[in-house]
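Line by line, the protein sequences give chains A and B. Heads up, the first sequence is in this note's numbering, so the first residue is 1 and it goes up one at a time. Heads up, the second sequence is in this note's numbering, so the first residue is 1 and it goes up one at a time. C-beta: ideal position from N, C-alpha, C; glycine also. Model, not experiment: these values are computed from the prediction.
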Amino acid sequence: MKPFAYVSAPDVATAVRVIAAEPNAKFIGGGTNLVDLMREDIEQPDTVVDITRLPLTEIEELPGGGVRVGALVRNSHLAAHRLIRTRYPVLSQAILAGASAQLRNMATVGGNLLQRTRCPYFYDGAAACNKRVPGSGCDAIGGFNRNHAVLGVSDDCIATHPSDMCVALAALDATVEVQSVRGLRRVPLADFYRLPGGTPHLETALEPDELITAVEVPELTAPSSYRKVRDRASYAFALVSVAAALEVTDGVVTDVRLALGGVAAKPWRARQAEAVLLGAPATDESFRRAAEAELEPAVGRPDNTFKIELAQRTIVATLRRLSDRSLGVGRMA
Amino acid sequence: MTTTETQSPPRERAVGQGIDRVDGPEKTTGKARFAAEFPYPDLAYAALVHATVARGRITGIDAKAAEAVTGVLSVITHLNAPVLKPAPARSMLDLSTMVSATSVNYLNTDEVHWDGQPVAVVVAESLEAARRGAALVEVTYQEFPAAVDFAAEEANAKPQKNSLLGAGSAKKGDAEAALAAAPVSVDLRFTTPPHNHNAIEPHATTAIWDGDRLTVHEGSQAIAWMRKHLALRFGIPERNVRMTSPYVGGGFGGKGLIWPGTILTALAARATGRPVRMMLTREGVYRTVGGRTPSIQRVALGAGQDGRLTALIHTSVTRSGKVGGGPEQVTGAAGHLYDAENILLQQNLVEMDLIPNTFMRAPGEAIGTFALEAAVDELAGELGVDPIELRMRNEPARNPLDGKRFAHRMLREAYALGAERFGWAERTPEPGSMRDGRWLVGMGVATAYHPSVQFTANVTARLSADGTVVVRCGFQEMGMGGATAQAQIAADELGVPYEAVRVEYGDTDLPTGPMAGGSAQTASIAASLLAACAKLKGEVLGLARRSGDSPLRGQRLAGVEARDGGLYRLDRPDSGESYEAILSRAGRPYVEAAIGAESGLGAVAGQVRFMAKFLSDQRRWVKAACGAQFCEVRVDQDTGEVRVSRWLGVFDVGRVINAKTAASQLRGGIVMGIGMALSEETLVDPRNGRVMNPGLGDYHVPVHADIPPIDIHYLDEPDPTMPLGLLGIGEVSITGVAGAIASAVHHATGKRVRDLPITLDKLL
Ligand SMILES: Cc1cc2nc3c(=O)[nH]c(=O)nc-3n(C[C@H](O)[C@H](O)[C@H](O)COP(=O)(O)OP(=O)(O)OC[C@H]3O[C@@H](n4cnc5c(N)ncnc54)[C@H](O)[C@@H]3O)c2cc1C
Ligand code: SF4
């Protein structure tokens with residue numbers, strides 16, 4: 001790990017001032033991702049600005065029925081909060097499906113949004129990786145890519161965004177609030193992440209000197225849930241995950257939100273599928289058609305082609321469970 | 001003089017009880033000192049720089065940036081390293097030579113033989129500075145073509161020759177012809193991936209030189225052999241090296257051979273004149289410690305309509321490194337499990353430019369029993385016969401290959417008990433016929449099998465006048481309960497309370513112990529300990545007999561028993577004497593017995609006796625632990641996720657010394673087998689031979705949520721040919737696990753997965 005200077009920011013104004021003034025500085029939240037990357041010399045900040053003392057740790061109900069979550073709320077706290085468990089079960093479940101209890105106790109909302117890919121070639125300084133060293137090539141495309149993306153990929157990068165929480169936030173139409181010395185702005189989560197294209201090292205709409213201060217989630221009335229499929233029962237990143245909210249009235253889909261994890265460089269909002277579903281009968285056939293529509297443009301590689309079928313099956317299974325529930329059909333194991 | 005007045009209540013024997021491990025409190029309270037925790041003033045820290053090519057020559061090393069890091073003391077490379085003698089060639093005449101993991105003369109050569117080989121060591125005042133320095137060393141290479149793609153190398157595999165250490169092939173009748181003629185047959189290809197070691201304690205070494213004397217603290221499974229190896233490499237007498245290994249945070253075979261970290265720590269200490277500690281990172285373990293070979297296997301079985309096997313063929317291809325490693329007994333179990341008329345076994349080996357393979361819990365058998373047992377299940381399916389029934393129809397009375405006798409074999413009893421306890425009768429045979437909500441349920445069985453061997457062990461036992469006993473033997477304790485088990489044995493043999501026995505181990509200053517491998521440690525030491533205890537009793541009795549007023553006067557050893565802290569006549573149980581009385585009267589603070597010579601002719605004679613017994617045992621008997629594995633799996637009908645929901649293992653491991661540690665060992669093997677079956681796989685990039693998942697985040701060992709309650713039973717019948725009747729238990733329980741799971745997955749889904757691990761994509 002490269003030696004670095006450490007600054008603890010007492011308030012938001014100081015935090016954004018320091019980050020703007022220091023070249024090559026980074027915020028640190030829980031440090032569960034940044035410190036790992038620094039150990040591997042993938043991130044080499046000269047200054048680390050500790051933001052864990054900032055007063056951004058509240059979870060508040062918004063007048064319109066939504067919720068505002070401070071950027072430094074710990075993942076475990078968010079998942080356990082009554083408002084979240086009762087109104088946004090999909091978000092609570094997504095967080096609890098991720099990492100381990102110890103990591104969730106440290107991890108912050110802002111850090112979770114900005115965690116970086118788990119592509120093994122990104123982590124290995126001996127490998128070629130356009131994300132780590134722009135223009136160096138992509139060893140994953142011809143190498144091990146079981147965990148890689150099938151949607152929104154480019155010839156330069158096929159990495160995924162590994163977060164579970166963010167998949168739920170994508171389904172929930174969340175907005176990210178960011179602040180810098182230039183002021184405050186709001187970015188819809190849908191516009192927050194970038195697809196790799198020819199510049200996989202540019203991952204978000206955030207400027208290097210911007211601080212995430214909060215995430216806002218609008219009201220949700222439909223029943224929701226999160227389903228994560230992985231290589232062992234716990235403590236593994238998603239091969240595919242599905243965040244869904246579904247309202248069925250008289251057998252017809254009247255509201256639906258669907259997002260996928262583990263399939264793209266960003267939490268993937270499944271707009272195509274939603275368009276097929278809205279107004280359609282809540283049946284396995286509709287769910288399957290919707291899933292197929294969403295995965296239609298998917299591109300598989302030798303190791304990860306299975307994700308295309310797996311994603312469709314997981315979408316159908318998740319929607320089926322939600323619709324069974326809204327029809328009052330007995331809960332399954 | 002003492003005699004017991006009343007009939008004593010029936011004595012509780014220590015052997016067989018589930019006694020807590022003696023090392024438990026030290027570990028749970030943090031007092032236990034592991035290899036990386038020995039404090040030394042002036043301690044320096046070392047970190048490795050790993051090669052990033054599989055085969056090549058170093059053309060340049062730029063250490064300037066590393067040397068400039070504050071705290072860095074030295075960057076040691078092949079350009080400035082002290083001279084190391086080459087590793088000795090392996091020879092059966094000197095078992096210590098087996099400990100060479102590779103033939104590479106680290107930092108004494110510019111050659112690179114695998115991706116990950118250490119090419120420099122950075123020594124610094126702090127761990128952080130050492131690791132920072134290591135990251136800054138720039139190495140350039142001239143690369144050579146390298147054989148790193150196992151699948152592509154299959155055709156280059158060569159048949160393995162038979163040797164003293166293991167059979168490469170075996171043949172009875174004409175199995176190919178019988179297979180072709182068989183009314184019912186299967187002919188299947190299986191593959192298993194490489195696996196890496198992931199003991200909770202990454203390898204660590206602390207090395208201190210004092211002139212020409214070297215002390216090494218190491219988490220080791222073979223301190224005596226490693227000591228000798230280090231002496232050879234550094235050109236000093238063996239007696240000048242001391243290795244201690246009081247605690248080992250898991251071994252599983254990964255700490256059985258001497259890997260570069262150990263040697264380079266001693267080298268760094270010599271080069272810098274400082275005590276040096278090196279703790280491998282988890283990645284460092286992946287890059288510098290070998291693991292389990294991958295395999296390609298063929299199992300072909302032919303049977304009559306009655307299910308009697310007419311042909312059994314098991315062949316394998318595995319790999320070693322060009323600089324070390326070797327064959328594993330992949331087809332070993334196939335020669336002992338089924339009474340086939342015609343048998344053909346053949347192992348093939350290909351040498352590659354990768355880190356050599358090494359022992360990993362049941363090397364060979366663990367993966368071999370996957371293919372064999374899965375194939376037997378497939379044959380049962382073809383025949384429409386219950387898989388347990390098929391096994392029973394082919395259960396041999398004598399060793400199928402050559403008619404040798406089994407020292408002990410209770411597989412029938414294991415299956416019968418297991419079937420009853422597991423509820424096998426409730427299984428409906430049709431695949432896909434059992435469900436629980438969205439889960440497809442399947443049940444599978446497989447046979448577990450692991451040969452039992454014994455090494456030599458030097459042991460001293462001292463019985464003091466106060467009734468306490470000290471057993472000394474330089475064996476290794478990796479957490480399996482070795483010291484506890486030996487204390488139990490000594491307590492019973494000498495008739496003293498278990499608490500009165502102290503066992504000293506893990507230090508080459510003690511009598512030379514066996515290596516902890518081959519599931520042989522407990523039996524090997526027990527054999528010598530029994531002899532030592534007999535000697536002690538003989539000596540004590542001799543002292544008593546010489547005394548005119550001892551009630552033991554004139555008694556022979558056969559006529560007395562050791563109990564209640566003394567010797568008592570068998571014919572007159574109330575007549576006897578305590579050790580205290582005998583020894584104090586004789587003016588002796590203690591008596592001591594030593595088994596095995598440490599040096600000179602005696603030691604050579606010991607080796608010769610060992611080989612003679614080893615060979616004669618091999619000629620006379622087939623000795624093995626075995627068992628029946630039962631499992632239930634659930635497969636998600638939508639996603640193919642597999643969860644093991646129930647496990648029962650019924651084992652025939654001879655006499656069990658400690659019910660608790662034995663069950664833990666057996667359970668642990670099953671856990672490791674579940675990992676092998678469902679999730680573990682080292683990803684070696686076929687383009688360049690680089691391990692791409694060198695850590696616990698990406699190499700998926702099972703987590704708690706993957707492991708169901710595991711029910712363990714053992715038959716507890718002593719093996720008549722082994723000391724105290726005990727068979728090794730360290731490895732048998734991983735065998736068969738993957739076969740049982742593959743069969744259960746088929747039962748649940750109708751799909752046969754013949755390539756491990758059984759990940760969900762293979763079930764979609
Ligand atoms: C072993 C392991 C397993 C894991 N498994 C999972 C999993 O299954 N699912 C999952 O979703 N996640 C998983 N994670 C990832 C975990 O969720 C993230 O590491 C965590 O959410 C990051 O939060 P943090 O506060 O620790 O971020 P940090 O490490 O502190 O920061 C991460 C990045 O965000 C930046 N940053 C942090 N806060 C702000 C802010 N307020 N404004 C601007 N920039 C900011 C930092 O500069 C840094 O670049 C796992 C992590 C580990 C180590
Ligand atoms: S997929 Fe992306 S992150 Fe992975 S190696 Fe290629 S460019 Fe790098």
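Starting from residue i, trace the beta strand (DSSP E) both ways and give me its first and last residue.
| i | result |
| --- | --- |
| H217 of chain B | R213 to E218 |
| M278 of chain B | V276 to M279 |
| L773 of chain B | No answer is possible for residue 773 of chain B: it lies beyond the span of chain B, which begins at 1 and ends at 764. |
| K228 of chain A | S224 to V229 |
| P451 of chain B | W439 to P451 |
First and last residue of the alpha helix (DSSP H) that includes residue i?
| i | result |
| --- | --- |
| G725 of chain B | G725 of chain B -> no alpha helix (DSSP H), and no H or E assigned at all. |
| Q172 of chain B | According to the sequence displayed, residue 172 of chain B carries Lys and not Gln. Unbroken run through K172 of chain B is the beta strand (DSSP E), S169 to K172; no alpha helix (DSSP H). |
| F287 of chain A | D284 to L295 |
| A663 of chain B | A659 to L678 |
| N348 of chain B | No alpha helix (DSSP H) holds N348 of chain B; the beta strand (DSSP E) holding it covers N342 to M352. |
| H229 of chain B | I223 to F234 |
| A311 of chain A | F306 to S326 |
| I525 of chain B | Q521 to R545 |
| M611 of chain B | G600 to R620 |
| R118 of chain A | R118 of chain A -> no alpha helix (DSSP H), and no H or E assigned at all. |
| R585 of chain B | Y579 to A586 |
Taking the alpha-carbon positions, what's the residue i to residue j distance?
| i | j | result |
| --- | --- | --- |
| T6 of chain B | S575 of chain B | In this predicted model, T6 of chain B has a pLDDT of only 40, less than 50, meaning its place in the structure is not dependable; the value taken from the coordinates is given anyway. For T6 of chain B and S575 of chain B, the distance between alpha carbons rounds to 11 Å. |
| L781 of chain B | V684 of chain B | Because chain B spans 1 through 764 in this model, residue 781 of chain B falls outside it and cannot be assessed. |
| V470 of chain B | K660 of chain B | 23 Å |
| D20 of chain B | P551 of chain B | 37 Å |
| R646 of chain B | I710 of chain B | 7 Å |
| R90 of chain B | A516 of chain B | 18 Å |
| E61 of chain A | E219 of chain A | 10 Å |
| P200 of chain A | G261 of chain A | 18 Å |
| N145 of chain A | V176 of chain A | 30 Å |
| T4 of chain B | D492 of chain B | With a pLDDT of 38 at T4 of chain B, under the threshold of 50, the predicted position of this residue should be treated as unreliable, and no value is reported. |
| G330 of chain A | R320 of chain A | For G330 of chain A, the predicted structure reports a pLDDT of 41, less than 50, and the residue's modelled location is therefore unreliable. A value from the coordinates is still provided. C-alpha separation (whole angstroms): 12 Å. |
| T160 of chain A | K266 of chain A | 7 Å |
Any heavy atom of ligand 2 closer than 6 Å to the Cβ of residue i?
| i | result |
| --- | --- |
| K161 of chain B | no |
| Y121 of chain A | yes |
| A32 of chain B | no |
| P200 of chain A | yes |
| I42 of chain A | no |
Cβ-heavy atom distance between residue i and ligand 1 below 6 Å?
| i | result |
| --- | --- |
| K2 of chain A | no |
| I212 of chain A | yes |
| S234 of chain A | no |
| S126 of chain B | no |
| A303 of chain B | no |
(request) Using a Cβ-Cβ cut-off of less than 8 Å, list which residues of the region 38-57 of chain B approach chain A; keep chain order. (result) T52
(message) With three or more C-beta pairs closer than 8 Å as the rule, is the region 95-109 of chain B touching the region 212-231 of chain B?
(response) Counting C-beta pairs with one atom in each stretch, the region 212-231 of chain B and the region 95-109 of chain B have three or more that are closer than 8 Å, which means they touch.
(message) Could you check whether the region 197-213 of chain B touches the region 483-495 of chain B, counting it as contact only if at least three pairs of C-beta atoms, one from each stretch, sit closer than 8 Å?
(response) no
(request) Mind the definition here: the region 741-752 of chain B touches the region 433-453 of chain B only if three or more C-beta pairs lie below 8 Å; say whether that holds. (result) The region 741-752 of chain B vs the region 433-453 of chain B: in contact.
(message) I want to know whether the region 301-313 of chain B touches the region 270-285 of chain B - three or more CB-CB distances under 8 Å.
(response) No, because fewer than three Cβ pairs between the region 301-313 of chain B and the region 270-285 of chain B fall closer than 8 Å, the two stretches do not touch.
(request) Determine which residues of the region 274-299 of chain A have a Cβ less than 7 Å from any Cβ of chain B, and write them out in chain order. (result) none
(request) Report yes or no: do the region 702-721 of chain B and the region 326-346 of chain B share at least 3 C-beta pairs separated by less than 8 Å? (result) no
(message) With a threshold of 8 Å, are at least 3 pairs of Cβ atoms found where one atom belongs to the region 232-239 of chain B and the other to the region 171-182 of chain B?
(response) No, the region 232-239 of chain B does not touch the region 171-182 of chain B.
(message) Assess contact between the region 306-316 of chain A and the region 233-252 of chain A, defined as three or more Cβ pairs (one per stretch) separated by less than 8 Å. Is contact present?
(response) Verdict: yes, contact present.
(message) Please list, in chain order, the residues of the region 149-167 of chain A that have any C-beta partner in chain B closer than 9 Å.
(response) Listed by position, the residues of the region 149-167 of chain A near chain B (Cβ gap below 9 Å) amount to none.
(request) Residues of the region 209-239 of chain A with a CB closer than 9 Å to any CB of chain B: list them in chain order, please. (result) R227, V229, R230, D231, R232, A233, S234, Y235, A236, F237 and L239
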